[in-house]
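Following: one structure in structure tokens, then a few remarks.
In the numbering used here, the protein residues as written are 170 to 1075.
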């Protein structure tokens, strides 16, 4: 009994405690165990160790509270170990719900998720007694986790949200087990939200999980949630914010004298640091384990990290030795540690460089590969064959590499792994890349046929969200197809009668549109084709349609001139990362960067030239390869791609040094698909047209009046009929009442961006006499929705809104916490049926934005029938040429407001 009591006291969570007791091999009596623990607590108190006694008493309380769970789990474990079935466990509940829930969990454990989902539908038709809620929720958690492991995060999130929406029954809400379930559910929901691109919602879930874990003093689960929270900033590109969060975690772990958490956090900090700092972090982790004469997964991770640093510096022999050391440490560890080390070593085998070469020479690694294959684990087999092929390609043997990849695709190893589809896609993409650069035309055809089949696999997912995730995750399939068609198209045998360039256009449109459709359940549409775009633009001479697809190493630019009926394709040597880096740098140049050390202040509006934009202007030539095609076209309709969403393309330089806006107006559209779906603009320049002007600051804003007095931009003498709402009068109900008769809505408020469902984004308004918060994702859903005007609300308002102007900070910029192709509040409003949106790409200068908008509204009133895009363009040109305010000629001022949407009048 004493040994069992030791293991119980060592448990770091309620889940681990239950696991220790229901899997105990020895016979024991719970009452006797509690008596043993009480005696220990008494001895500790008498020995003057009250803190340790309190910890034992806390464990006793856990055992008592979890008693029914422990006894049920133990009985179930013994029953199944003796050959019994799940349904036999619930013989007394024949026809009830719990036998089905238990079977759902068992099927999910075996990755038989489709059968489990069938049972979910069956179970949901039956009543669920309050006493069984937590057991049923645990079964759904297992299913959601299994779905995520198979790359079906959209379905997993649906299962989890449907279950959690019911809520814990009131009689169980304050129990430790219920709060533990909330913490686990919220942690998994956070991971799933991130999988579908919703980093803000993911972080809110992690905060909920950490709070619930803290209430029940489950330090390990709280640490896991806080680690996921810090990592979320990293995943969304906010590296400095992530580093700060991890350093706070490190301080927390060190204060608590928790070596395991200290080591885990040091490993995470290393991943975000320069090589010198990373090496110091990893070495400190190894010192911690040596000092405590212990071992664990973090120790292996540190060795692999040191190996990666050495490999990046081409010290491959040293790198291989470190990786082998990290793997060998796990041999005496638990199954989870061994699985982690196996995965880490497999990933290094797949590098396909000198590290792979050294690892394949190691007798130990070779023996490990043989042993795992003999155990029926194909992980090393796939990684070994893929790494060997990549190594041959690295050494210049493309023919040998292609042969190895073909063998791997034809073998059984890939299909034997749970992640078989992902493995097959990775291997096939490698093979297609090698074949595409071959000088042999037959290899090009093989590459095309292979990629075409992979595309069909990606589109086979029945759920739109999962289809969108699949297309976004393996977008390289589309990138390689489009590049192959653009480069080798005339020599390829195509699947239908479409020309190579036309098919390439259709495929690039699929790559950009499916992720957007997957995020908007209300968006019932299919990707546009070039033929549909051609028909839509037939007879319209004013626009040239430009569309970008940003790949890893090259960007494809499509140009269509309706008046000439010509589609051209340009390939430019500019990769997505380089563009994204420039976008991020430009945003920090203009908005400042408080995460940097030392912090960077926002740009001085009267001295913008003090921060040079050479890094941005260097993008001009590669991003404007079509200039010869669009000569004489006043209007460029530009369908940007994700990395370009925050860049002011109108501020790129022409060969003579002028801005693009000097010769061409630029209107941004989301894609050809959304252009075809959008409603044409009813030009707002009609005297007495009704305007809704509404402005409300957030409760955190220091100067609310700066956002609540924009009605002055509309000159009464111009004939505008303005309905003004300001401050706490700007409520959802009053705005919706004013929208149906308005032609222009000028809205000055903050926005909320929902990356998972675009139509759940919206404008933050007042409610019940209270201003909204600038941080809505931290609020409960019901409170957030009270302050939110969504595109769904606008779409249901039966309005004919020609223009929505958003004069709020960065309202037009994409969600910085999202990796989606289509994001941002301006884009979400276009989904709702607003014809055009004028929104800032960065934090605008209040002075210059007011002046520009006042001039725009004055011109629209005076020039009835003038296209909106032309009025915006003229305003930009006036600022570029303004001698009395030379700072206005800087793109920071004149390029901040971008026009999104449909430009063509009815």
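Think of the CB as a built atom: it goes at the ideal place given N, C-alpha and C, for glycine as much as any other residue.
Exposed or buried, residue i, counting other C-beta atoms within 10 Å across all chains shown (16 or more means buried)?
{"i": "residue 392", "result": "buried"}
{"i": "residue 628", "result": "exposed"}
{"i": "residue 733", "result": "exposed"}
{"i": "residue 446", "result": "exposed"}
{"i": "residue 1078", "result": "The structure shown does not extend to residue 1078, since the chain is modelled only from 170 through 1075, so no value can be given for it."}
{"i": "residue 839", "result": "buried"}
{"i": "residue 802", "result": "buried"}
{"i": "residue 941", "result": "buried"}
{"i": "residue 648", "result": "buried"}
{"i": "residue 683", "result": "buried"}
{"i": "residue 272", "result": "buried"}
{"i": "residue 837", "result": "buried"}
{"i": "residue 557", "result": "buried"}
{"i": "residue 945", "result": "buried"}
{"i": "residue 461", "result": "exposed"}
{"i": "residue 784", "result": "exposed"}
{"i": "residue 599", "result": "buried"}
{"i": "residue 953", "result": "buried"}
{"i": "residue 420", "result": "exposed"}
{"i": "residue 1009", "result": "buried"}
{"i": "residue 992", "result": "Annotation note: pLDDT 41 at residue 992 (below 50); position unreliable, coordinate value reported separately. Per the 10 Å Cβ criterion, buried."}
{"i": "residue 198", "result": "exposed"}
Taking residue i and residue j to be in contact with their CB atoms under 8 angstroms, please state how far apart those CB atoms are, rounded to whole angstroms.
{"i": "residue 812", "j": "residue 748", "result": "4 angstroms"}
{"i": "residue 402", "j": "residue 383", "result": "Rounded, the Cβ-Cβ distance is 20 angstroms, inconsistent with contact."}
{"i": "residue 1049", "j": "residue 1058", "result": "5 angstroms"}
{"i": "residue 765", "j": "residue 409", "result": "6 angstroms"}
{"i": "residue 380", "j": "residue 303", "result": "Going by Cβ atoms, the distance from residue 380 to residue 303 rounds to 19 angstroms, so no, they are not a contact pair."}
{"i": "residue 1114", "j": "residue 961", "result": "Shown here, the chain extends from 170 to 1075; a query on residue 1114 therefore has no answer."}
{"i": "residue 135", "j": "residue 313", "result": "This structure cannot settle anything about residue 135, because the visible part of the chain is limited to 170 through 1075."}
{"i": "residue 820", "j": "residue 664", "result": "Contact flag wrong, Cβ pair sits at about 41 angstroms."}
What is the DSSP secondary structure of residue i, reduced to helix, strand or coil?
{"i": "residue 535", "result": "helix"}
{"i": "residue 173", "result": "helix"}
{"i": "residue 716", "result": "strand"}
{"i": "residue 643", "result": "coil"}
{"i": "residue 695", "result": "coil"}
{"i": "residue 385", "result": "coil"}
{"i": "residue 905", "result": "helix"}
{"i": "residue 785", "result": "helix"}
{"i": "residue 806", "result": "strand"}
{"i": "residue 1071", "result": "coil"}
{"i": "residue 325", "result": "helix"}
{"i": "residue 959", "result": "coil"}
{"i": "residue 569", "result": "helix"}
{"i": "residue 944", "result": "coil"}
{"i": "residue 920", "result": "strand"}
{"i": "residue 476", "result": "helix"}
{"i": "residue 822", "result": "strand"}
{"i": "residue 601", "result": "helix"}
{"i": "residue 814", "result": "coil"}
{"i": "residue 556", "result": "helix"}
{"i": "residue 982", "result": "Low confidence applies to residue 982: its pLDDT is 47, below 50, so where it sits in the model is not reliable, and the reading given next is rough at best. Coil."}
{"i": "residue 690", "result": "Confidence at residue 690 is low in this model, with a pLDDT of 48, below 50, so its placement is unreliable and the value that follows should be read with caution. If DSSP states are grouped into helix, strand and coil, residue 690 belongs with coil."}
{"i": "residue 463", "result": "coil"}
{"i": "residue 523", "result": "helix"}
{"i": "residue 366", "result": "coil"}
{"i": "residue 390", "result": "helix"}
{"i": "residue 336", "result": "coil"}
Minimum length 3: unbroken beta strand (DSSP E) runs contained in the region 829-901: Fully enclosed beta strand (DSSP E) runs of no fewer than 3 residues occupy 834-838, 859-864 and 890-895 of the region 829-901, in order along the chain.
Any 3 or more C-beta pairs closer than 8 angstroms across the region 567-576 and the region 619-633: Verdict: no, contact absent.
Cβ contact check for the region 865-879 and the region 912-919: 3 or more pairs under 8 angstroms: Verdict: yes, contact present.
In chain order, each alpha helix (DSSP H) run of at least 4 residues that lies wholly inside the region 619-670: List check, alpha helix (DSSP H) in window: 633-642 and 645-657.
Inter-stretch contact at 8 angstroms, needing at least 3 Cβ pairs: the region 311-328 / the region 291-299: These segments do not touch.
The region 700-710 / the region 813-832 touching (three or more Cβ pairs under 8 angstroms): Judged by pairs of C-beta atoms under 8 angstroms, the region 700-710 does not touch the region 813-832, as fewer than three such pairs exist.
Length at least 4, wholly inside the region 719-780: the alpha helix (DSSP H) runs in chain order: Entirely contained in the region 719-780, the alpha helix (DSSP H) runs reaching 4 residues are, in chain order, 745-760.
Beta strand (DSSP E) runs wholly inside the region 984-1065, at least 3 long, in chain order: For the region 984-1065, the continuous beta strand (DSSP E) assignments of 3+ residues that do not extend past its boundaries occur at 1005-1009, in sequence order.
Three or more C-beta pairs below 8 angstroms linking the region 727-745 and the region 786-799: Segments in contact, yes.
Segment contact flag, the region 471-489 with the region 437-456, C-beta cutoff 8 angstroms, min 3 pairs: Below 8 angstroms, enough C-beta pairs join the region 471-489 and the region 437-456 to call them touching: three or more.
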